[in-house]
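Encoded as structure tokens, the structure appears first; notes follow it.
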Ligand code: DC
């Protein structure tokens, strides 16, 4: 059973804000577990696609999610024993994740799954509603962001490095559509928890952002 006393660092923010990279580095620095909650929504979108379930069919999605057989192991994601680490990162599944995430019944099923990641000695969790819904009692809450232009530029560079053809204007448009959907949905929308620390990373390197999270986490645990 998850223990409320186990420390959690909750990091929320929009797509491509760098929260995944930063959260993983913070977790490894502290020897904590890591939850990529966006991956859970991505897995749900991929599993639905594989099973011919529409991303709009809330009841079928919730039912499917109850039976999801997933495993995170050594930086790989497994669905039904098959590696899907890359398959959940496509632009199509990114859109699917944002579309399935609007359904309250699906979110309710995925809530328990996410809470289960809270294990000693601690957890760094990144997503959209870590501080507001999943771990409202987290000791450290951070809202990490960067301008849409900087985020699009970062995503564009990542894709180019992987040899994937991409168009900067399309990426920017796609990010803005996803931001709007994530911020405006009625259940667990992306928003800064009122007691979260705002960290704007447009002008920060990854190392500087990681250090800022570690410093803030130390302050919040000692206060
Ligand atoms: O962080 P990400 O880009 O991998 O997330 C993919 C989608 O999943 C995002 O557009 C919205 C959804 N999501 C969510 O609704 N709640 C979370 N805690 C994490 C992700």
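In the numbering used here, the protein residues as written are 835 to 1057.
Note that CB positions come from ideal geometry on N, CA and C, so glycine has one too.
It should be emphasised that the depicted structure is a prediction, and the values quoted were computed from it without experimental measurement.
The criterion of a C-beta distance shorter than 8 angstroms is satisfied by residue 958 and residue 857. Closer than 7 angstroms to some heavy atom of the ligand DC: that describes the Cβ of residue 932. Burial state of residue 1037 is exposed, judged by a 10 Å Cβ sphere holding fewer than 16 other Cβ atoms. The ligand DC has a heavy atom closer than 7 angstroms to the beta-carbon of residue 873.
Your pair residue 944 and residue 874 checks out as a contact, with CB atoms roughly 5 angstroms apart and the cut at 8 angstroms.
About 16 angstroms separates the Cβ atoms of residue 956 and residue 871, ruling out a contact at the 8 angstroms cut-off. Setting aside the 5 residues that flank it on each side, residue 885 is surrounded in the same chain by 898, each with a C-beta closer than 7 angstroms to its C-beta; the list follows chain order. The shortest CA-to-CA distance from residue 905 to any of 1039, 1010, 868, 892 is the one to 868.
As summarised for the segment 848-892, the continuous beta strand (DSSP E) elements at least 3 residues long and confined to that stretch are 867-870, given in chain order.
Relative to the ligand DC, residue 961 has its C-beta within less than 7 angstroms of a heavy atom.
For residue 910, the beta-bridge partners assigned by DSSP are 907.
Taking all protein chains shown into account, residue 851 has 16 or more neighbouring C-beta atoms within 10 Å of its C-beta and is therefore buried. The C-beta distance from residue 980 to residue 1006 rounds to 13 angstroms, too long to meet the 8 angstroms contact threshold. From the listed residues 883, 971, 881, the smallest Cα separation to residue 1054 is found for 971. Assigned with DSSP and collapsed to three states, residue 896 falls in helix. Cβ-Cβ distances below 6 angstroms link residue 1027 to 965, 966, 975 in the same chain, with the five nearest sequence neighbours on each side left out; the list follows chain order. A distance below 6 angstroms between beta-carbons, with the five flanking residues on each side excluded, links residue 1031 to the following residues of its chain, in chain order: 976, 1050. In this structure, residue 953 keeps its C-beta atom at 8 angstroms or more from the C-beta atom of residue 843. With a contact defined as Cβ atoms closer than 8 angstroms, residue 982 and residue 1009 qualify at about 6 angstroms.
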